[in-house]
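Reading through the structure tokens given below for one structure.
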């Protein structure tokens, strides 16, 4: 059996780390996706535009990268209602967990947050 190194995953992880670091250094903001999206409508005056641009950058960055790399979009093998219910459950889980995997796993771990270390250990240990 041959092992090939996942260069794309390594590059993606490095880009996530760099982008989270830059957002924190230049804007003083933490790149936790659930917090960014969840506060778009509740943001203080002048704090909405960067959140919208961040989300648009994630969406269009993914689309443009897939086109640039020639990756075809995955076909959905489940029903749309199941996707909607799953998305809502993920949203509820991030609210209950006070953050998402990106907030805890990337930003919180990088800041040595005890709460984020515990949260990351918990969701990484779960078998599903």
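Residue numbers (my numbering): 56 to 183. Note that CB positions come from ideal geometry on N, CA and C, so glycine has one too. Just so it is clear, the structure is predicted and the values come from calculations on it, not from any experiment.
What's the C-alpha gap between residue 168 and residue 157?
Along the chain shown, one-based indexing puts residue 168 at 113. Along the chain shown, one-based indexing puts residue 157 at 102. Rounded to the nearest angstrom, the two C-alpha atoms are 13 Å apart.
Counting along the chain, where does the alpha helix (DSSP H) carrying residue 81 start and finish?
To locate residue 81, count along the chain shown from 1; it is residue 26. Start and end: 62-82.
Taking buried to mean at least 16 other C-beta atoms within 10 Å of its own C-beta, is residue 147 buried or exposed?
Within the chain shown, numbered from 1, the residue matching residue 147 stands at position 92. Only exposed fits residue 147, as fewer than 16 other CB atoms lie within 10 angstroms of its CB.
The alpha helix (DSSP H) with residue 111 in it runs from where to where?
For the purposes of this step, residue 111 is taken as the residue at position 56 of the chain shown. Its alpha helix (DSSP H) spans residues 104-124.
How long is the line joining the alpha carbons of residue 65 and residue 135, rounded to whole angstroms?
Sequence index remark: in the chain shown, residue 65 carries index 10 (1-based). Sequence index remark: in the chain shown, residue 135 carries index 80 (1-based). Each residue's alpha carbon lies about 31 Å from the other.
Checking 8 Å against the spacing of the C-beta atoms, do residue 86 and residue 74 come in under that value?
Here the question's residue 86 lines up with position 31 in the chain shown. Here the question's residue 74 lines up with position 19 in the chain shown. Yes, they are a contact pair.
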